[in-house]
Amino acid sequence: MLHFFKRRPQIKRSWMKVVLIGISLSSCSHYAFALDVNVAYLKLAQDAITATPIYLRPHSDSGIAGAKLSIEDSNGAGKFLGHQYTLSSVRETSQDALVSHAKSLNQSGTKLYLVDSDAATLKRVQAALPSETLIFNVNSAHQALRTEACLANVLHTSPSYRMLSDAIAQWLRYKKLTKVLLITGSTEQDLEMADNVRASIKRLGLKIIADKPWTFDADLRRSTAKEIPLFTQYKNYDAVWVVDMHNVFGQYLPFNTWLPRPVVGTHGLRADNWHKAIEQWAAIQLQHRFFEQSDRFMNAHDYSAWVAIRALNAAVTQTNSVEPHLIHEHLLSSTFEFGAYKGRKLSFRPWSGQLRQPIPLAHPGALVASAPLDGYLHPFND
Numbered sequence: 109m110l111h112f113f114k115r116r117p118q119i120k121r122s123w124m125k126v127v128l129i130g131i132s133l134s135s136c137s138h139y140a141f142a143l144d145v146n147v148a149y150l151k152l153a154q155d156a157i158t159a160t161p162i163y164l165r166p167h168s169d170s171g172i173a174g175a176k177l178s179i180e181d182s183n184g185a186g187k188f189l190g191h192q193y194t195l196s197s198v199r200e201t202s203q204d205a206l207v208s209h210a211k212s213l214n215q216s217g218t219k220l221y222l223v224d225s226d227a228a229t230l231k232r233v234q235a236a237l238p239s240e241t242l243i244f245n246v247n248s249a250h251q252a253l254r255t256e257a258c259l260a261n262v263l264h265t266s267p268s269y270r271m272l273s274d275a276i277a278q279w280l281r282y283k284k285l286t287k288v289l290l291i292t293g294s295t296e297q298d299l300e301m302a303d304n305v306r307a308s309i310k311r312l313g314l315k316i317i318a319d320k321p322w323t324f325d326a327d328l329r330r331s332t333a334k335e336i337p338l339f340t341q342y343k344n345y346d347a348v349w350v351v352d353m354h355n356v357f358g359q360y361l362p363f364n365t366w367l368p369r370p371v372v373g374t375h376g377l378r379a380d381n382w383h384k385a386i387e388q389w390a391a392i393q394l395q396h397r398f399f400e401q402s403d404r405f406m407n408a409h410d411y412s413a414w415v416a417i418r419a420l421n422a423a424v425t426q427t428n429s430v431e432p433h434l435i436h437e438h439l440l441s442s443t444f445e446f447g448a449y450k451g452r453k454l455s456f457r458p459w460s461g462q463l464r465q466p467i468p469l470a471h472p473g474a475l476v477a478s479a480p481l482d483g484y485l486h487p488f489n490d
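Under the numbering used here, the first residue of the sequence shown is numbered 109, with each subsequent residue one higher.
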């Protein structure tokens, strides 16, 4: 009996050792698959409007630079799992050429895409590719892409117009700046953004004092002090909300309005998904890495591309697969979330494919707030 009891612990330890070895081998086999993650970046390069000052025109590599950094970040972690990320970037000036490149890349085996274009081009690219592919919209804020024109295999890391306008409306309400002078441009993007601004103003209980389209074609560099005060001459308003997506006139409004009031919208206090002043939540590390790579600051366009590949990297790591349908399903699942330097975990809305994310509110030199603001509660979560 004594001999039996002396040997029993040895049997138990041997059994445990076998189990542990089995678990170890199982874990290794799960993570040891070598994966090649090939991502294509399709960019439609559109000419700037003539009236847009050179110093306010977007960088030619906006978006692509963010994707490149995210590929580098993904490879830094992926090398331990045998995952290799590569990026193929295409920059074209016509829809037809971009669609042609998309088809060619698909024929060569590429199934994962970042599309940096307007809504019409995105729809054409999506229609040209098989439904088995997965596409990230990293540019268009077109509201209908998230609602009635929702595309089944498209996810959106670029915020919608409504997300941006709601963020500013929340801030105005929070500050009790309820009377708004709305000034809008005339481009297609201006008109769509203006519709969402009006909806946000109504939703948050603000009031439009005047709704004015910008119709001047004068050179405001010479006549700002004369034209802007006259154009904004109203008896009373708490804030000026400007919608000028192409920097034709909006930059001249701050500090030149008839009444000394804050300017918000596309100029002054601006809502977007990223800003160079974000340094909390370890974001300063991302800012430094990007600056070292591109010799400029990361903008919102860059962040949309960076966060798309960041989400893709998280899904590939967790599923150990490069199959688009598995990645897509995982990204839309209720359990998926990932960190992206915004102070909280991000996730995708399963009904629209829109990335849920805080929206920074900032002026050119500093971060002011991050929406949703305190007091504006979501019906189901924070």
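By construction, the Cβ of each residue, glycine as well, lies at the ideal position given by its N, Cα and C atoms.
Keep in mind that this is a model prediction, so the values were computed, not measured.
Checklist entry - In or out: alanine 477 buried (at least 16 other Cβ within 10 Å) or exposed? => result buried
Checklist entry - Under the rule that 16 or more other beta-carbon atoms within 10 Å means buried, what is glycine 447, buried or exposed? => result exposed
Next on the checklist: Can you check which of these residues, Ser170, Lys231 and Leu242, is closest to glutamine 154 by C-alpha distance?
Outcome noted: Ser170
Item to check | Same chain only: Cβ atoms within 8 Å of alanine 318, ignoring 5 sequence neighbours per side | outcome: Leu289, Leu290, Tyr342 and Tyr345
Item to check | Any 3 or more C-beta pairs closer than 8 Å across the region 219-227 and the region 237-256 | outcome: yes
Checklist entry - Going by the beta-carbon positions, is the gap between asparagine 304 and tyrosine 282 smaller than 7 Å? => result no
Checklist entry - Rounded to the nearest angstrom, how far is the Cβ of arginine 254 from that of glutamine 401, given a contact under 8 Å? => result Arginine 254 to glutamine 401, Cβ: 31 Å. No contact.
Item to check | Those residues which DSSP pairs with glycine 186 across a bridge | outcome: According to DSSP, glycine 186 bridges with nothing at all.
Checklist entry - How many whole angstroms separate the CB atoms of serine 273 and serine 248, which I take to be in contact at a CB cut-off of 8 Å? => result With a Cβ gap of about 16 Å, serine 273 and serine 248 do not count as contacting.
Checklist entry - Using the beta-carbon count (16 or more within 10 Å), is arginine 115 buried or exposed? => result For arginine 115, the pLDDT reaches just 40, beneath the cut-off of 50, and the residue's location in the model is therefore unreliable, leaving the point undetermined.
Checklist entry - To the nearest whole angstrom, what separates the beta carbons of glutamate 300 and glutamine 251, a pair I think is in contact under 8 Å? => result 7 Å
Next on the checklist: Rounding to the nearest angstrom, what Cα-Cα distance links leucine 420 and leucine 152 in this structure?
Outcome noted: 22 Å
Checklist entry - Considering proline 432, what are the terminal residues of the beta strand (DSSP E) in which it resides? => result Element bounds for proline 432: not the beta strand (DSSP E) but the alpha helix (DSSP H), 432-439.
Next on the checklist: If contacts are defined as beta-carbon pairs under 8 Å, then methionine 353 and threonine 295 qualify, I think. What distance do you get, rounded to the angstrom?
Outcome noted: 6 Å
Checklist entry - Grouping DSSP H, G and I as helix and E and B as strand, with all else coil, what is tryptophan 349? => result strand
Checklist entry - Of all the alpha helix (DSSP H) runs that stay within the bounds of the region 225-255, which reach a length of 4 or more residues? => result 227-236
Checklist entry - For the beta strand (DSSP E) that arginine 378 lies in, which residues bound it at each end? => result 377-379
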